[in-house]
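Q:
Residue numbers (the working numbering): 1 to 118.
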């Protein structure tokens, strides 16, 4: 079994699209579909999306919930962490090797936690 896709909620679709479009510029993820409610980026074996919640309630982040992107190299971990901060995200853990993988943690504009690892 492998992960197929991930969807994170947003309260500001325009700002979220701009954040992820820029963050994913030099990665394998490409925007493939955008509607009023959802936007999808897809790579070879994985899709990522942001969405306005179906139930019309405000999007919120889950405490202890995060999505991880294996980005292939320590240099790419550092680059994406820096880029996310420049785009208005917040740091949740500087690039380092706290366990078996070199990782860096950020929150996006809606405070969703993401990790880049190699």
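Glycine is no exception: its CB is placed at the ideal position from the N, C-alpha and C atoms.
Taking residue 47 as the reference, give the member of 13, 11, 5 with the closest Cα.
A: Along the chain shown, one-based indexing puts residue 47 at 47. If we check each option's Cα against that of residue 47, 5 comes out closest.
Q: Can you look up residue 66 in the DSSP assignment and give me helix, strand or coil?
A: Sequence index remark: in the chain shown, residue 66 carries index 66 (1-based). Strand.
Q: Residue range of the beta strand (DSSP E) that residue 132 falls in?
A: No answer is possible for residue 132: it lies beyond the span of the chain, which begins at 1 and ends at 118.
Q: Taking C-alpha atoms, which residue in 41, 10, 117 lies nearest to residue 106?
A: Against the chain shown, residue 106 aligns to sequence position 106. Nearest C-alpha to residue 106: 117.
Q: Could you tell me how far apart the beta carbons of residue 110 and residue 30 are, in whole angstroms, since I believe they sit closer than 8 Å?
A: In the chain shown, the residue the question calls residue 110 occupies position 110. In the chain shown, the residue the question calls residue 30 occupies position 30. Their Cβ separation, rounded to whole angstroms, is 22 Å, which puts residue 110 and residue 30 out of contact at 8 Å.
Q: State the start and end residues of the unbroken alpha helix (DSSP H) segment that holds residue 13.
A: Within the chain shown, residue 13 is the residue found at index 13, counting from 1. Segment 13-23, the alpha helix (DSSP H) holding residue 13.
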